[in-house]
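S.K.:
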Amino acid sequence: MSDQPTTPAEALLAADAAAGPLLETTTGPHLWERAFTTRRMMIDVLIGLLPVTAAAVWFFRAAAVCQIVTCVVAALAAEYVFTFARRKPFSLLDGSGLITGLILAFSLPPGLPPYMSAIGAIVAVALGKMIFGGLGYNIFNPAMVGRAFLMACFTAEMTTWAAPVGATTGATPLAAGGASLLKLFEGNVAGSLGETSAAMIILGGLWLLLRKAGDWRLTAGMLIGVALVAPVDHWARESGHSLTVLQHLLSGAVLLGAFFIVTDPVSSPLTKPGRWIFGLGVGMLTVVIRIFGNNPEGVMFAVLVMNAMTPLLNRWTQPRPVGGHAKKE
Amino acid sequence: MSLADLLVRFSDRKTFARGIHPPGNKALSAGGAIEVLPTPANVVIPLHQHTGTPCEAAVKPRAALNIGDVVGRSKAAVSADVHASIAGSASAVTAVTLPNGRRSLAVPIKAGAPKAEPGAEPAPAPLEGRALFDDLFGGDWSLPATPPEPAAILEAIKSAGLVGQGGAAFPTHIKLTPNPAKPVSAVLLNGCECEPFLTADHRLMIEAPEPIAAGLRLAMRACGASRGVIAIEDNKPDAVDAMRRAAAACPDIDVAVCQTKYPMGGERQLIVAVLGKEVPTGGLPLDVGVVVVNVATSAAIARAVLRGRPLTHRVVTVTGRGIVRPANVLAPIGVAISELLKHCGGLTTDARRVVAGGPMMGFTLADVEAPVTKGTSGITVLTAAEVESAEQTTCVRCGRCVDACPLHLVPTKIAQASKFGDWELARRYDIMACCECGCCAYVCPARVPLAQHIRAGKARIMRDARRK
Numbered sequence: 001m002s003d004q005p006t007t008p009a010e011a012l013l014a015a016d017a018a019a020g021p022l023l024e025t026t027t028g029p030h031l032w033e034r035a036f037t038t039r040r041m042m043i044d045v046l047i048g049l050l051p052v053t054a055a056a057v058w059f060f061r062a063a064a065v066c067q068i069v070t071c072v073v074a075a076l077a078a079e080y081v082f083t084f085a086r087r088k089p090f091s092l093l094d095g096s097g098l099i100t101g102l103i104l105a106f107s108l109p110p111g112l113p114p115y116m117s118a119i120g121a122i123v124a125v126a127l128g129k130m131i132f133g134g135l136g137y138n139i140f141n142p143a144m145v146g147r148a149f150l151m152a153c154f155t156a157e158m159t160t161w162a163a164p165v166g167a168t169t170g171a172t173p174l175a176a177g178g179a180s181l182l183k184l185f186e187g188n189v190a191g192s193l194g195e196t197s198a199a200m201i202i203l204g205g206l207w208l209l210l211r212k213a214g215d216w217r218l219t220a221g222m223l224i225g226v227a228l229v230a231p232v233d234h235w236a237r238e239s240g241h242s243l244t245v246l247q248h249l250l251s252g253a254v255l256l257g258a259f260f261i262v263t264d265p266v267s268s269p270l271t272k273p274g275r276w277i278f279g280l281g282v283g284m285l286t287v288v289i290r291i292f293g294n295n296p297e298g299v300m301f302a303v304l305v306m307n308a309m310t311p312l313l314n315r316w317t318q319p320r321p322v323g324g325h326a327k328k329e
Numbered sequence: 330m331s332l333a334d335l336l337v338r339f340s341d342r343k344t345f346a347r348g349i350h351p352p353g354n355k356a357l358s359a360g361g362a363i364e365v366l367p368t369p370a371n372v373v374i375p376l377h378q379h380t381g382t383p384c385e386a387a388v389k390p391r392a393a394l395n396i397g398d399v400v401g402r403s404k405a406a407v408s409a410d411v412h413a414s415i416a417g418s419a420s421a422v423t424a425v426t427l428p429n430g431r432r433s434l435a436v437p438i439k440a441g442a443p444k445a446e447p448g449a450e451p452a453p454a455p456l457e458g459r460a461l462f463d464d465l466f467g468g469d470w471s472l473p474a475t476p477p478e479p480a481a482i483l484e485a486i487k488s489a490g491l492v493g494q495g496g497a498a499f500p501t502h503i504k505l506t507p508n509p510a511k512p513v514s515a516v517l518l519n520g521c522e523c524e525p526f527l528t529a530d531h532r533l534m535i536e537a538p539e540p541i542a543a544g545l546r547l548a549m550r551a552c553g554a555s556r557g558v559i560a561i562e563d564n565k566p567d568a569v570d571a572m573r574r575a576a577a578a579c580p581d582i583d584v585a586v587c588q589t590k591y592p593m594g595g596e597r598q599l600i601v602a603v604l605g606k607e608v609p610t611g612g613l614p615l616d617v618g619v620v621v622v623n624v625a626t627s628a629a630i631a632r633a634v635l636r637g638r639p640l641t642h643r644v645v646t647v648t649g650r651g652i653v654r655p656a657n658v659l660a661p662i663g664v665a666i667s668e669l670l671k672h673c674g675g676l677t678t679d680a681r682r683v684v685a686g687g688p689m690m691g692f693t694l695a696d697v698e699a700p701v702t703k704g705t706s707g708i709t710v711l712t713a714a715e716v717e718s719a720e721q722t723t724c725v726r727c728g729r730c731v732d733a734c735p736l737h738l739v740p741t742k743i744a745q746a747s748k749f750g751d752w753e754l755a756r757r758y759d760i761m762a763c764c765e766c767g768c769c770a771y772v773c774p775a776r777v778p779l780a781q782h783i784r785a786g787k788a789r790i791m792r793d794a795r796r797k
């Protein structure tokens, strides 16, 4: 017996069966906005991260390549192990693991031993995302969870920043009392891998915002939050250590955070007012930690604290329905 | 907010916050004049075409019927009589599936010679084509010098079996009956037709503006409203012109031009946009002194009151890329939808969904023999490529559904609560306020069937409430 249709009638029937039922029944809406999908959002974030990647490789050469590859491979491997062990659908291609790996790599000091980067990436994906149920269910930004873990385990290595190839200074501008604005803008300063070049972060970040893969309110809120509290630095610290508002905005993780970390939709609020509060909160907490905390940088803890606030912000900013809330029966 | 939404703030067009801008696809069927379906050999008149109690059959099998004879009536408070839409003879009551999927009893009518009164002239042959259209919508529609009293208007509307023709099919006489506790200040005529694809109301406003305007004046008189507003989206400038001309002599009637935005034609959105009033959640437009009437219903009001004619025909848009020749068709109530499809050249080979209504809120048909009802505003045939299923991912909490919901709800929370049966949470997020417009599911990048989850949750809550 062969499955090949032999007569024209059989061929017609086979074609008909392959085409499925003529009419299908289902509930509306029957149309949707095809141009905007989760996949498109992920791809736009990845495109936005390209200039940052280029800047990292330009300034830190082999160390950058090594760190990016380590983080991405470890993140995807952790995701694969989890989906395999829990017999969940294969989720490697949704792009979120790749983004987590990249952002973690950018937030770590260049030259961190690869095994530490790998541990960070595994913790980021496994404890930051997969144990909550995978993409969409995590409470905290996965990359920041991984970074916090490394910060707790390897504090010394995590606070030693290598200088870009050819540059002279070894301390981060945040600790050294600032760097020239032009240097901060082009990125030829010591700092975490993807945080040094303000120009490249803004370039990629604007793409992400224009494509609506992230909400501009989160970015604007964070930058405004930083600018609101930064002037305090002038009085709070002696002149050798205090930074100007612009130096606060352009150095450290503020820009990477504002464009690529707080814009993570999963761990930020659903409503527009909630996003404003979230962004402002991250920005203000960042500067407070920078000035009064033990660490030179505060973006990571600020993001994690506001992530924890997100469910509350969603509840506080629940919009009032048109016509008011339904009366209790 | 899109650029279009930003610009509209600087114009005099009426609008509401949030909502979506799906492609209109109106050009498929908006260009041609309304076509008149040749009188079919059979119709099946469902006894339950409205919100409320079904009618009971009022004719015996083999009874001879003229157009407009009552075939079903009900004594219940919320109901609407049904009438013969062709001349012929009745058959035994049967059961049919309505376009919305509900089952209903129905009276089939076989076309035949009109009933002749003994001793009288033989009745003229039934009208066809242009003559039928002119009979229904043509002629003089000016109100008599002493217009009918409100009670007489309501009685005429009730005996004509009028229901809202925009889709919900609520009996019109009940909507217009004055309630001393809630006086009506304005009657809003809904000519927005915000559903993509549909153009039946658009064409009717162009081709029959006079009966629409006359119906509005009668409706205002019936419910004691001092103001009438005809609301039309700005994608129909020809309809705006036609209605302005028809209402020019009435100082108490305005034409309001609304932004083209879905769901502008939803009662609550329209009242916010045009009158700036919010209907309380769980309440009715009457609570803010407003009655909303569809434009096709308005024309039927004029026909019922000024000419004593019941609702026997309606304009149906037959459209979509899955139909060979899209058109607006004037069809008798009860004709099989398959007849309309045939009239429009049939389905294309890639037709995949036949939707009663528009693509946002319409119901798919399992059986194209379902009859046209008073509430059937269109038949949209979508192709396989248009409805091709996309990959569903988990919700990434992007909040696009929150920004799209015209009622300012949080669809993703409600859908999740509904999916997991957490009715307490669903109520806290006002699940029952949802109007099921589908904006949330339209914009969702994860393709989560939000509207479907919420609809299922609402149905479940209502069922539980009835059982208590």
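So the sequence lines, in the order shown, correspond to chains A and B.
Just so it is clear: in the first sequence, position 206 is 206 by my numbering, and no numbers are missing.
Just so it is clear: in the second sequence, position 19 is 348 by my numbering, and no numbers are missing.
Idealized CB from N, CA, C, for every residue including glycine.
#1: Tell me, please, whether the CB atom of residue 324/A is closer than 8 Å to any CB atom in chain B?
#2: Across the region 696-708 of chain B and the region 524-534 of chain B, are there enough close Cβ pairs to call them in contact, namely three or more that are closer than 8 Å?
#3: Does DSSP put residue 146/A in a helix, a strand or coil?
#4: Given this structure, state the Cα-to-Cα distance separating residue 723/B from residue 210/A, to the nearest angstrom.
#5: So within the region 157-235 of chain A, which uninterrupted alpha helix (DSSP H) runs reach at least 4 residues, ignoring any that extend past its ends?
#6: Here's a check: name, in chain order, each residue in its chain whose Cβ is nearer than 7 Å to the Cβ of residue 780/B, leaving out the five neighbours to either side.
#7: Need the endpoints of the beta strand (DSSP E) that residue 578/B sits in, please.
#8: Pairing CB atoms from the region 54-73 of chain A with CB atoms from the region 99-115 of chain A, are three or more of them under 8 Å?
#9: If we require 4 or more residues per run, which alpha helix (DSSP H) segments fall completely within the region 648-706 of chain B?
#10: In the structure shown, what three-state DSSP assignment does residue 412/B receive?
#11: Is it true that the CB of residue 508/B sits closer than 8 Å to the CB of residue 615/B?
#12: Could you give the distance in angstroms between the alpha-carbon of residue 181/A and the alpha-carbon of residue 250/A?
#13: Out of 357/B, 351/B, 434/B and 634/B, which one is the CA nearest neighbour of residue 373/B?
#14: Counting contacts by CB-CB distance shorter than 8 Å, is residue 795/B in contact with chain A?
#15: How about the region 635-643 of chain B and the region 336-346 of chain B: do they share at least three Cβ pairs that are nearer than 8 Å?
#16: From the DSSP output, in three-state form, read off residue 115/A for me.
#17: Residues in its own chain within less than 6 Å of residue 154/A by CB, not counting five upstream and five downstream?
#18: List the residues that DSSP assigns as beta-bridge partners of residue 439/B.
#19: Do we get a CB-CB distance below 8 Å when we pair residue 79/A with the residues of chain B?
#20: Rank 351/B, 337/B and 575/B by C-alpha distance to the C-alpha of residue 472/B and give the top, closest one.
#21: Alpha carbon to alpha carbon, how far is residue 491/B from residue 558/B?
#22: Got a sec: does the ligand SAH put a non-hydrogen atom nearer than 7 Å to the Cβ of residue 204/A?
#23: Between residue 304/A and residue 140/A, which are expected to be in contact by the criterion C-beta below 8 Å, what is the C-beta distance as a whole number of angstroms?
#24: Pull up the distance between the alpha-carbon of residue 296/A and that of residue 104/A, whole angstroms please.
#25: Where does residue 26/A land, buried or exposed, given buried means 16+ other C-beta within 10 angstroms?
#26: First and last residue of the beta strand (DSSP E) that includes residue 559/B?
#27: If you follow the alpha helix (DSSP H) that residue 307/A is in, where does it begin and where does it stop?
#28: Shorter than 8 Å from the beta carbon of residue 30/A to some beta carbon of chain B?
#29: Should the region 480-488 of chain B be regarded as contacting the region 384-391 of chain B, the criterion being three or more beta carbon pairs within less than 8 Å?
#30: To the nearest angstrom, how far is the alpha carbon of residue 597/B from that of residue 610/B?
#31: Please list the terminal residues of the continuous beta strand (DSSP E) segment that includes residue 517/B.
#32: If you check the beta carbons only, do residue 298/A and residue 285/A fall under 8 Å apart?
#33: Taking residue 320/A as the query, report the chain B residues whose CB atoms sit under 8 Å from its CB, ordered along the chain.
#34: Can you list, in chain order, the stretches of the alpha helix (DSSP H) that have 4 or more residues and sit fully within the region 81-111 of chain A?
#35: My output table needs one value for residue 717/B: the three-state DSSP class, helix, strand or coil.
#36: DSSP three-state call for residue 343/B: helix, strand or coil?
M.R.: Well, looking at it:
#1: yes
#2: yes
#3: helix
#4: 23 Å
#5: 173-176, 181-186, 198-210 and 216-229
#6: 765, 767, 769 and 770
#7: Where residue 578/B is concerned, there is no enclosing beta strand (DSSP E), given that its DSSP letter is neither H nor E.
#8: yes
#9: 666-672
#10: strand
#11: yes
#12: 8 Å
#13: 434/B
#14: no
#15: no
#16: helix
#17: 116
#18: 371/B and 418/B
#19: no
#20: 575/B
#21: 21 Å
#22: For the ligand SAH, the structure offers nothing, since it holds no ligand at all.
#23: 6 Å
#24: 18 Å
#25: exposed
#26: 556-562
#27: 299-316
#28: yes
#29: no
#30: 10 Å
#31: 515-520
#32: yes
#33: 737
#34: 96-107
#35: coil
#36: strand
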